[in-house]
Structure formats: structure tokens, C-alpha cells
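Here the structure comes first, spelled out in C-alpha cells, and everything after it is commentary.
Numbering (my numbering), first residue to last: 421 to 604.
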């Protein structure tokens with residue numbers, strides 16, 4: 421049960437690559453205190469919702485305000501559930517799978533010339549980039565507007581779960597994959 425309200429057992433991830441790294445187990449409050457920090461691949465044992473909350477704290481206005489970001493995410497899940505009647509965790513996982521880029525570019529240096537080369541992204545990095553871009557899109561929707569963080573989260577997750585290019589995360593995915601396809 422995530423936030424003690426939504427059952428995570430009925431959530432299905434359509435992307436087999438990142439499904440192994442998506443962890444929906446929640447122990448009480450989404451606050452582990454960074455116990456995973458020094459372990460290799462320790463972040464895969466961390467709940468995806470807590471990782472999203474940690475990414476929401478990135479912007480200057482919300483830095484260090486974990487309880488505020490957690491409450492905003494919980495309220496966003498409540499509103500999404502009341503509007504659509506669908507499990508909000510399923511929409512969240514769909515948004516992650518739509519926002520995760522499959523390939524990106526790296527710079528390869530041959531002699532004195534460096535050129536971009538398309539490479540496949542690892543599943544862990546795909547999940548990291550998807551969560552980061554969803555959080556940046558939700559936070560940037562509130563800048564210079566009267567939208568709250570909850571409304572920004574709702575709009576970003578709902579757009580991204582449908583694959584809408586107007587979502588920051590999905591647009592960023594398409595941009596990265598377009599650059600990678602031109603670098604082949």
C-alpha cells in the first residue's frame with residue numbers, strides 16, 4: 421500500500437526493461453533517510469514514489485522540504501483518483517514508461533576529432549532520467565504561475581501517461597532520441 425491508500429499489487433509495468441528497477445513497496449512514510457546511499461545499486465531498493473519526491477526537492481523553492489513534496493504527491497494521487505477512478509500508481513508508472521528514453525548520445529574521440537555516437541541507455545539510467553524529467557516538468561509548471569505543486573504534478577503525470585509531447589518529460593525523451601537517431 422502506497423501512502424496507505426493504493427494497492428501496488430495491481431499495477432503493471434508495460435516496459436520489461438525498467439520493470440525490474442521499479443519498486444513500489446512502501447514502509448509507512450516515504451522517508452528512508454538515505455540508508456541506500458552507500459550501497460551499490462541501493463537506489464533500486466528505494467520506493468519509486470520516494471525517489472520522485474527526492475527529485476521534486478531539486479528546485480530552489482522546494483529544496484529540503486520533503487514533507488511538503490510528499491504531501492503534494494499524495495494530494496495529487498487523491499485528485500487523480502477522484503477524477504478518473506483509475507489507480508493513480510498505474511498512471512504514474514505509465515508516465516515513467518513513456519518518459520524513459522531508450523537511447524542517447526555520448527562523445528567518442530578519435531584522434532583529435534570528437535563526434536557524437538548513439539548508445540543504448542541502461543534500465544537504471546532510463547528510470548533515473550524519467551523521474552528527473554517528470555519532477556522538473558512538475559516543478560517548472562509552478563514557476564511564475566498560480567499553480568500549486570500538486571497541480572503541476574497532476575498535469576505532468578497525466579500528460580506523460582498519455583504520451584503527450586506537451587509534457588516536459590515526454591518532449592525531452594523525444595528530443596534525446598531524435599538526437600541519438602541522427603548520431604548513428
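All C-beta atoms in this analysis are idealised placements derived from N, C-alpha and C, irrespective of residue type, glycine included.
Quantities reported herein were computed from a predicted structural model and do not represent experimental measurements.
Quick check on the DSSP output: the alpha helix (DSSP H) that includes residue i runs from which residue to which?
i: residue 509; result: 508 to 519
i: residue 486; result: 486 to 504
i: residue 578; result: 569 to 581
i: residue 430; result: Taken as a continuous stretch (DSSP letters only), residue 430 belongs to no alpha helix (DSSP H), as it is neither H nor E.
i: residue 422; result: Element bounds for residue 422: n/a, residue is neither H nor E.
i: residue 476; result: 468 to 476
i: residue 612; result: Past the boundaries of the shown model lies residue 612; the chain is included only from 421 to 604, so the question cannot be answered.
Helix or strand or just coil, what does DSSP make of residue i?
i: residue 596; result: helix
i: residue 590; result: helix
i: residue 452; result: coil
i: residue 462; result: helix
i: residue 565; result: coil
i: residue 479; result: coil
For residue i, count neighbouring C-beta atoms within 10 Å of its own C-beta (all shown protein chains included) and say buried if the count is 16 or more, exposed if not.
i: residue 505; result: exposed
i: residue 494; result: buried
i: residue 540; result: exposed
i: residue 511; result: buried
i: residue 513; result: buried
i: residue 424; result: exposed
i: residue 573; result: buried
i: residue 508; result: buried
Worksheet item: Contact between the segment 449 to 464 and the segment 519 to 539: three or more CB pairs below 8 Å?
Response: no
With contact counted as at least three CB pairs below 8 Å, one residue from each stretch, are the segment 468 to 479 and the segment 490 to 500 in contact?
-> yes
| Contained alpha helix (DSSP H) runs [length at least 4] in the segment 522 to 560, N- to C-terminal order | Runs found: 543 to 560.
Is it a yes or a no for the segment 580 to 589 touching the segment 506 to 522, going by three-plus beta-carbon pairs under 8 Å? yes
### Message
Taking 8 Å as the cut-off, does the segment 582 to 593 touch the segment 549 to 557 (at least 3 CB pairs, one atom from each stretch)?
### Response
The answer is yes - the segment 582 to 593 touches the segment 549 to 557, with three or more Cβ pairs under 8 Å.
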